[in-house]
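Numbering (UniProt numbering), first residue to last: 1 to 346. The C-beta atom is built at its ideal place from N, Cα and C for all residues, glycine as well.
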């Protein structure tokens, strides 16, 4: 089967029509697109580490790291490079091919850049792909990260342009697009997706995917997060999103962005094996692996690998990633508590 063409001219009506297809027809279409572009029985494994936690000046209503809200989150300073490298080494041993580092900043300051760059260089030396999410970037800082060897930069659009101001007031939607432009200009790959279940309308889910797909170059990685409701945030009492609607979002993302990795991201702790399996069938082919995603719970690492084995799937092998490491990841135990506490949401 030929690779699906990539379009950048999706209309709201077209996206709505995909969402409203009979469920089985939508999944069949998404699975067909997935099989034309990827091995349907492989899943890319990433690990996410919080390198600086809490006290973020942004007011994102979903985020326990915002300094605007009272949550039980303990604030932490930027952690040492050596500790980051240690966790990256453990992540590789357990099956990760990409190591993602996140800091609760509005944007990285000049004084932080030498440490950030050193983290990237040393994690790269382990043979892992590198990804960071640090907030807004200037063109200059994007190039500095590129020069350090950063592969991916994560900057989510979060929701549709129409609903955006209901969720965030301290950063504009255009600010996010500008950062993505700077990342592209520097020659790095883009990781960008959003969060569903924040009280938005179905039309906002259409709008989010349309914005992502219609970027001049579609993101190489598209994380789809289901809201994790955290006490103390304005969205702690948001209505639960219907699980079928979430699967529809995954399937539609796969159809619209046929060459992108679609990541089943935050919220997996509330999904049973059957729902996650349906998402894989619908075209999700990447997960975050580890006890926490920045600050929220993630499925037990062994449970992830057991599900992957149960489905007859395998972790994706990339670059110098050895067969021995893949095999080890299928039988490994979760790191002890002393190290797992460093793992934190995308």
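- Distance from the Cα of residue 125 is smallest, within the candidate group 187, 89, 158, 314, for 89.
- Less than 8 Å separates the beta-carbon of residue 84 from that of residue 119.
- Beta-bridge partners assigned by DSSP to residue 225: 195.
- Rounded to whole angstroms, residue 260 and residue 103 show a C-alpha spacing of 24 Å.
- For the pair residue 101 and residue 49, the CB atoms are nearer than the 8 Å cut-off.
- Within the region 171-217, the complete beta strand (DSSP E) segments at least 3 residues long are 189-191, 194-196, listed from N- to C-terminus.
- Between residue 228 and residue 253, the gap from beta carbon to beta carbon reaches 8 Å or more.
- When 219, 193, 216, 147 are compared, the shortest CA-CA separation from residue 186 is found for 147.
- Of the residues 246, 134, 233, the one whose Cα lies closest to the Cα of residue 152 is 134.
- Within the model, the alpha-carbon separation for residue 162 versus residue 184 is close to 24 Å.
- With distances taken between CA atoms, residue 63 lies nearest to 231 out of 108, 204, 95, 231.
- Take the alpha-carbon of residue 251 and the one of residue 33: they are about 10 Å apart.
- Looking at the backbone, the Cα of residue 30 and that of residue 241 are separated by about 21 Å.
- Taking residue 6 as the centre and dropping the five residues before and after it, the same chain places the C-beta of 218, 258, 259 closer than 7 Å to its C-beta, in chain order.
- DSSP places residue 38 outside any alpha helix (DSSP H), giving it a letter other than H or E.
- A Cβ-Cβ contact shorter than 8 Å links residue 226 with residue 197.
- Just so you know, the alpha carbons of residue 105 and residue 171 end up roughly 12 Å apart.
- DSSP places residue 287 in the uninterrupted beta strand (DSSP E) bounded by 286-288.
- In this structure, residue 179 lies away from residue 150, with their beta-carbon atoms at least 8 Å apart.
- Contact annotation, residue 160 with residue 199: C-beta distance approximately 12 Å; criterion of less than 8 Å not satisfied.
- Between the alpha carbons of residue 271 and residue 317 lies a gap of roughly 26 Å.
- Of the other Cβ atoms in all chains shown, fewer than 16 fall within 10 Å of the Cβ of residue 111; this residue is therefore exposed.
- Of 51, 248, 289, the smallest CA-CA separation from residue 266 is found for 289.
- DSSP lists 98, 288 as the beta-bridge partner residues of residue 46.
- Counting along the chain, residue 60 sits inside no beta strand (DSSP E), nor does DSSP assign it H or E at all.
- Per DSSP, the beta bridge partners of residue 153 are 132, 190.
- With fewer than 16 other Cβ atoms inside 10 Å of its own Cβ, residue 23 counts as exposed.
- Look at residue 112 here: in three-state DSSP terms it is helix.
- For residue 85, the enclosing alpha helix (DSSP H) covers residues 81-93.
- DSSP lists 222 as the beta-bridge partner residues of residue 262.
- Residue 44 is classed as buried because its beta carbon has at least 16 other beta carbons within 10 Å across all chains shown.
- Its Cα nearest to that of residue 224, the residue 158 stands out among 277, 51, 158.
- If you ignore the 5 residues before and after residue 164, its C-beta comes within less than 6 Å of the C-beta of 173, all in its own chain and listed in chain order.
- Note on residue 97: 16 or more other CB atoms within 10 angstroms of its CB, so buried under the neighbour-count rule.
- Counted as a single uninterrupted DSSP element, the alpha helix (DSSP H) harbouring residue 276 occupies residues 273-281.
- Assigned with DSSP and collapsed to three states, residue 158 falls in strand.
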